[in-house]
Each structure stands twice: as C-alpha cells, then as structure tokens.
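Asks:
Number of protein chains: 2
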Amino acid sequence: MITVNIIGSGNVALHLISVFQQTENVALQQVFSRKPESITHLVSSDKITTNYSDLKLADITIISVTDDAISEVSDQLPFENQLVVHTSGSVGLDALNAKNRKGVFYPLQTFSKSKAIDFKAVPICLETENEWDYSILETLGKAISDKVFKISSEQRQSLHVAAVFSCNFVNHLYQLGKEICDENQVPFEILLPLIQETADKIKTLSPLEAQTGPAKRNDQKTIEKHLSFLEDENKKTIYQLLTQSIQKHNG
Amino acid sequence: MITVNIIGSGNVALHLISVFQQTENVALQQVFSRKPESITHLVSSDKITTNYSDLKLADITIISVTDDAISEVSDQLPFENQLVVHTSGSVGLDALNAKNRKGVFYPLQTFSKSKAIDFKAVPICLETENEWDYSILETLGKAISDKVFKISSEQRQSLHVAAVFSCNFVNHLYQLGKEICDENQVPFEILLPLIQETADKIKTLSPLEAQTGPAKRNDQKTIEKHLSFLEDENKKTIYQLLTQSIQKHNG
C-alpha cells in the first residue's frame with residue numbers, strides 16, 4: 006500500500022484525488038487545500054487540512070499547484086527527507102526545496118473539470134534524483150496508468166514545446182479552418198470526420214508518411230488558387246509559411 | 006433502385022464501388038477502367054469495360070479520376086442528357102462536358118487503399134444544376150451516408166482551403182512536434198493521447214473555447230523559454246507567427 010498526500014485543489018489535483026481513491030494499493034492520506042469547500046464533494050473531511058503543520062508523513066507528497074507557487078509550497082512543508090514531487094510540465098526539479106527528496110509526477114493530458122479522464126491511457130512522466138525514489142514513483146504511476154515514462158527535466162521541456170506545436174497550434178488551425186467555413190456559410194462539422202482521421206492516421210503512420218495535400222504534391226496551381234482565395238493577410242502568411250515548410254520536408 | 010456507372014479505379018472509385026455493392030437500392034451497373042486488373046477482385050468481369058462505347062445509360066454516371074482528367078473523360082462519354090457527376094473537391098461543375106446534366110458527388114475524407122472506411126460517417130457534398138437532379142443525387146448520397154450536404158462550387162473551394170488548414174497543416178505540425186521529440190530522445194507516442202483529446206474536444210467546444218497554452222494565457226515567460234529552446238529557424242518562425250495569431254484572436 007502506497008500512501009499519498011496531495012497539496013492543491015486545481016484541475017490536476019482533483020483528477021488525481023479522484024483516481025487515487027478508486028485505485029487499489031493506493032491510500033490517499035491527506036489533502037491540503039486553502040479552499041477546502043472545493044474538495045469536500047470528493048474527500049471525507051477528516052482527510053482535508055488547511056494547515057501545513059497538520060500534514061503527516063506519506064510515501065509520496067504531491068504538490069499540484071500553479072507553476073509559480075511550487076517553490077513556495079515546497080518551502081512550507083513541515084517535514085524533511087521525504088519524497089516530494091510536483092506535477093508540472095514546464096518546471097524543473099530544482100524548483101523544489103532541497104530539504105526533501107525531489108521528483109516529478111507529470112500526467113500529460115488536458116484536464117477539464119467537467120470531463121472525466123481515463124487515466125489508464127494518460128502518459129505519466131516521472132523524474133527523481135535517485136533510483137530508489139524512482140521505483141516508488143513508478144509503482145504509483147503504474148497503479149493508475151498503463152503508460153509510465155522516465156523523462157528528465159530537459160526532455161520534459163522539449164515535450165512541452167512539442168505539445169505546443171502538436172496541440173495548441175493545431176487547435177488554432179482548427180479555428181482558422183472554422184473561420185473560412187463560417188465566412189462561406191459552410192458548416193464546420195463537415196470537416197470533423199477528416200480532422201478525426203488526420204489525428205487517427207498518425208497512430209499507425211509517421212506524420213511524414215501521412216502528409217497529403219497540395220504542398221506535399223507540389224501542386225502549384227492549387228496553391229496559387231488558395232492564396233488568391235484567402236483575403237485575410239494573417240491566413241495568407243500562415244498558408245505560405247506552412248506550405249514552404251512542408252515542401253522543405255518533402256524536398 | 007438507383008443504377009450507377011463508375012468511371013475510374015483510383016482510391017475513391019474503389020471505395021465507392023465497394024460501398025455501392027453493399028448498399029440496398031443501389032445497383033452498380035458498369036465500371037469503366039483502363040486497368041481492369043485493378044478491380045477484378047471487387048467487380049464481376051461482365052460489369053467491367055475498357056471501352057467508352059460499351060457504357061450503357063444509368064441514373065447516375067460517376068467520374069472518379071484525377072482532377073486534370075475529368076474534362077477529357079466527360080468528353081468521351083457515348084451518351085447525352087444524362088446525369089454525370091465528378092467526385093473532386095477542387096474542380097468546378099464547369100469542367101464537365103455540357104452535353105450531359107452536370108453534378109458533383111464529393112465524399113470529404115482521406116481515402117487509403119488499405120484502410121476500410123465507415124461511409125455512414127463520411128460527409129457527402131452534392132451539387133447539381135437543377136433541383137430534380139439534386140433529388141436523384143441526394144437519394145444516392147443518403148443510401149450510403151448519414152451526412153449529406155448541398156454545397157456550391159464556391160463553397161466547395163472554401164471547404165478545400167479550410168481542410169488544408171485543419172488537416173494538411175495540422176499533420177505537418179504533428180511532424181514538427183515529432184522532430185522536437187526525436188531530437189531530445191523522447192518517444193512521440195507520449196503526445197498521442199493529447200493529440201487525440203485536442204481533436205475530440207472540438208466536437209463539443211468551439212476551437213476558440215478549446216484553445217489552451219502559453220499564447221492563449223499570454224504567458225510571455227514560457228514563450229521566451231520555448232523560443233530560446235528552439236534552434237531551428239523554420240520552427241522558430243512558425244512558433245512566433247502562430248503565437249501572434251492566437252494572441253490576435255484572443256486579444
């Protein structure tokens with residue numbers, strides 16, 4: 006049985022509280038929150054504290070707060086030489102106070118309060134200072150997910166940048182596509198199956214193999230047609246830049 | 006019972022042949038192909054012809070060939086005043102020879118030879134010159150798909166541009182994300198659940214509502230960190246341009 010404390014009550018904290026309580030061999034010991042009312046629906050009140058000095062030792066203490074607050078929270082912990090981890094994708098190990106053994110437990114997924122998550126499919130990225138702590142963290146990771154990875158602070162930084170390209174920027178291209186549909190009275194939903202298939206394809210093909218379209222085919226006639234169709238300068242510039250980038254990759 | 010002729014044996018033609026043969030109330034009458042050996046596994050040989058003059062009248066004749074060949078093929082047809090449609094997203098109605106009644110039957114999906122398609126979920130975009138022909142084409146569309154749309158040539162052009170943004174360019178951003186992972190020895194598969202969730206989200210939220218990330222949050226510290234992390238000039242330029250575009254949309 007692994008005992009866990011959680012500090013925080015944001016989206017990630019709430020999802021972790023919920024999944025730990027449903028997981029065999031994991032005991033959620035205490036939750037620290039400055040807003041206990043936001044977790045009383047999830048956790049019995051004897052497990053909730055608003056006082057750092059009430060926190061008892063656990064196998065793992067998970068700090069799940071905003072990036073900027075991680076350091077300060079780790080300073081406040083009333084114990085030493087314990088395994089203390091944060092859940093951030095973009096903060097290094099060094100943000101944590103050195104009085105405890107440091108680690109990272111980073112679940113790589115978009116968490117929304119209103120949407121349930123199947124944790125088994127969520128990749129968990131782990132980092133610790135030594136092998137023994139890694140095996141403790143790995144036991145917790147594998148209890149809730151089928152996908153546990155050892156990822157250094159530097160690798161996590163690169164993952165975060167890659168996620169901006171493959172998720173944040175991708176969503177913005179959906180937005181630009183929707184604007185083009187809206188301006189021409191075409192329902193955006195017509196594109197949804199194609200968008201879904203584009204995301205599905207790269208499960209079995211590399212993105213380079215999966216690439217299609219006028220830029221890939223070097224179909225200059227269609228590219229010119231599209232550029233003269235686009236009136237908005239911002240969309241024109243993005244169209245040109247991404248077309249050139251595809252052509253460089255396939256040249 | 007609707008009778009259909011198909012001209013062509015490319016990816017789209019093969020998928021249409023297959024689905025029509027499995028659909029009640031649709032009779033695949035003849036298939037014209039210059040390479041009959043590519044369809045003998047799908048169609049009984051008495052239905053295959055390599056000779057335009059052998060083509061008999063059908064309720065609908067579907068020309069499913071490369072964009073550039075549509076005009077010439079429509080010139081070759083041995084009959085007049087019949088409903089003749091093409092299956093292209095980027096070619097207008099006017100590419101078809103005026104001796105027949107023109108139309109478009111455009112299934113909006115990426116078709117790969119090796120992957121089966123659930124046609125019920127594929128949007129079919131229809132265009133005809135008159136209402137009567139539209140109702141014939143609509144009957145065929147609804148026989149194979151739950152999503153049939155009336156789309157003009159101009160709207161189809163805008164859909165094609167929107168699809169370049171939301172699918173072709175999106176796939177290229179997957180590619181750039183994968184390169185960043187590869188360069189840092191991080192398995193790209195870690196990002197797949199997040200990529201999937203990004204595509205799923207816009208089924209229930211608008212892309213504008215679904216937008217997350219440093220650009221959306223105006224998190225200048227993280228943006229600077231990412232830009233100095235990126236060494237490749239092409240990726241840097243794309244990162245800056247898409248970040249600015251997101252900021253404009255959320256400003």
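If you read the protein sequences in the order shown, they are chains A and B.
Under the working numbering, think of the first position of the first sequence as 6, with each following residue one higher.
Under the working numbering, think of the first position of the second sequence as 6, with each following residue one higher.
Just so you know, even glycine gets a beta-carbon here, dropped at the ideal spot from N, CA and C.
1) Assuming residue 220 of chain A contacts residue 228 of chain A under a Cβ cut-off of 8 Å, what Cβ separation, rounded to an integer in Å, is found between them?
2) Go ahead and pull the three-state DSSP assignment for residue 46 of chain A.
3) Going along the chain, which unbroken runs of the alpha helix (DSSP H) with 4 or more residues stay wholly within the stretch 221 to 248 of chain B?
4) Check distances from the C-beta atoms of the stretch 150 to 179 of chain A to those of chain B and list, in chain order, the residues that come in under 8 Å.
5) Indicate whether at least one CB of chain B lies closer than 8 Å to the CB of residue 124 of chain A.
6) At what residues does the beta strand (DSSP E) containing residue 130 of chain A begin and finish?
7) Counting contacts by CB-CB distance shorter than 8 Å, is residue 70 of chain A in contact with chain B?
8) Candidates B:64, B:65 and B:89: which alpha carbon is nearest residue 76 of chain B's?
9) Starting from the beta carbon of residue 242 of chain B, find every residue of chain A whose beta carbon is closer than 8 Å, and list them in chain order.
10) Please name the residue or residues paired with residue 110 of chain A in a DSSP beta bridge.
11) So what does DSSP say about residue 67 of chain B, is it helix, strand or coil?
12) Check whether chain B comes within 8 Å of residue 74 of chain A, counting only Cβ atoms and requiring the distance to be less than that.
13) What does residue 25 of chain A reach in chain B if we use C-beta pairs closer than 9 Å?
14) Return helix, strand or coil for residue 102 of chain A, following the three-state DSSP convention.
15) So what does DSSP say about residue 52 of chain B, is it helix, strand or coil?
16) Cβ of residue 213 of chain B within 8 Å of Cβ of residue 177 of chain B?
17) Should residue 225 of chain B be flagged as near chain A, meaning a C-beta pair shorter than 8 Å?
18) What did DSSP end up calling residue 144 of chain A once you bin it into helix, strand or coil?
19) Just to make sure I have the definition right: I need the residues of chain A whose C-beta is within less than 8 Å of the C-beta of residue 216 of chain B. Which are they?
20) Tell me whether the stretch 161 to 174 of chain B and the stretch 132 to 150 of chain A touch, counting them as touching only if at least three CB pairs, one residue from each stretch, are closer than 8 Å.
21) Residue 121 of chain B lies in the alpha helix (DSSP H); which residues open and close that run?
22) Can you tell me which of the three DSSP states residue 154 of chain B falls into?
23) Can residue 67 of chain A and residue 9 of chain A be called in contact, C-beta distance under 8 Å?
Replies: Quick answer:
1) Within the first sequence, residue 220 of chain A is the residue found at index 215, counting from 1. Within the first sequence, residue 228 of chain A is the residue found at index 223, counting from 1. Their Cβ separation, rounded to whole angstroms, is 7 Å, which keeps residue 220 of chain A and residue 228 of chain A in contact under 8 Å.
2) What you label residue 46 of chain A is simply residue 41 of the first sequence in a count that begins at 1. If DSSP states are grouped into helix, strand and coil, residue 46 of chain A belongs with coil.
3) 225 to 234
4) 152, 154, 156, 159, 160, 162, 163, 164, 165, 166, 167, 168, 169, 170, 171, 172, 173, 174, 175, 176, 177, 178 and 179
5) Taking the first residue of the first sequence as 1, we reach residue 124 of chain A at position 119. Not one chain B Cβ lies under 8 Å of residue 124 of chain A.
6) In the first sequence, residue 130 of chain A corresponds to position 125, counting from 1. 129 to 133 is the span of the beta strand (DSSP E), which, as asked, contains residue 130 of chain A.
7) Position 65 of the first sequence, counted from the first residue, corresponds to residue 70 of chain A. No, its Cβ sits nowhere closer than 8 Å to a Cβ of chain B.
8) Position 71 of the second sequence, counted from the first residue, corresponds to residue 76 of chain B. Ranking B:64, B:65 and B:89 by Cα distance to residue 76 of chain B puts B:89 first.
9) Mapped onto the second sequence, residue 242 of chain B falls at position 237. The answer, in chain order, is 246.
10) Within the first sequence, the letter at position 105 stands for residue 110 of chain A. Answer by DSSP bridge pairing, in chain order: A:131.
11) The count along the second sequence starts at 1 and reaches residue 67 of chain B at position 62. Of the three classes helix, strand and coil, the one that applies to residue 67 of chain B here is strand, per DSSP.
12) Residue numbering aside, residue 74 of chain A sits at position 69 when the first sequence is read from its first letter. No, residue 74 of chain A lies away from the interface with chain B (no Cβ there is under 8 Å from its Cβ).
13) The residue you call residue 25 of chain A lines up with position 20 of the first sequence. Chain B residues near residue 25 of chain A: none, gap ~20 Å exceeds 9 Å.
14) Reading the first sequence from its first residue, position 97 is the one you call residue 102 of chain A. Residue 102 of chain A falls in the coil class under three-state DSSP.
15) In the second sequence, the residue the question calls residue 52 of chain B occupies position 47. In the structure shown, residue 52 of chain B sits in a helix (DSSP, three-state: H, G or I).
16) If you number the second sequence from 1, residue 213 of chain B lands on position 208. If you number the second sequence from 1, residue 177 of chain B lands on position 172. Against a cut-off of 8 Å, the Cβ pair of residue 177 of chain B and residue 213 of chain B comes out as no contact.
17) One-based indexing of the second sequence puts residue 225 of chain B at position 220. Closer than 8 Å: no.
18) If you number the first sequence from 1, residue 144 of chain A lands on position 139. Here residue 144 of chain A sits in helix by DSSP.
19) By 1-based counting over the second sequence, the position of residue 216 of chain B is 211. Per Cβ cutoff of 8 Å: 173, 176, 177 and 180.
20) no
21) Along the second sequence, one-based indexing puts residue 121 of chain B at 116. Neither: residue 121 of chain B is in no alpha helix (DSSP H) and is coded neither H nor E.
22) If you number the second sequence from 1, residue 154 of chain B lands on position 149. If DSSP states are grouped into helix, strand and coil, residue 154 of chain B belongs with the strands.
23) Residue mapping note: residue 67 of chain A aligns to position 62 of the first sequence, counting from 1. Residue mapping note: residue 9 of chain A aligns to position 4 of the first sequence, counting from 1. In contact: residue 67 of chain A and residue 9 of chain A (Cβ atoms closer than 8 Å).
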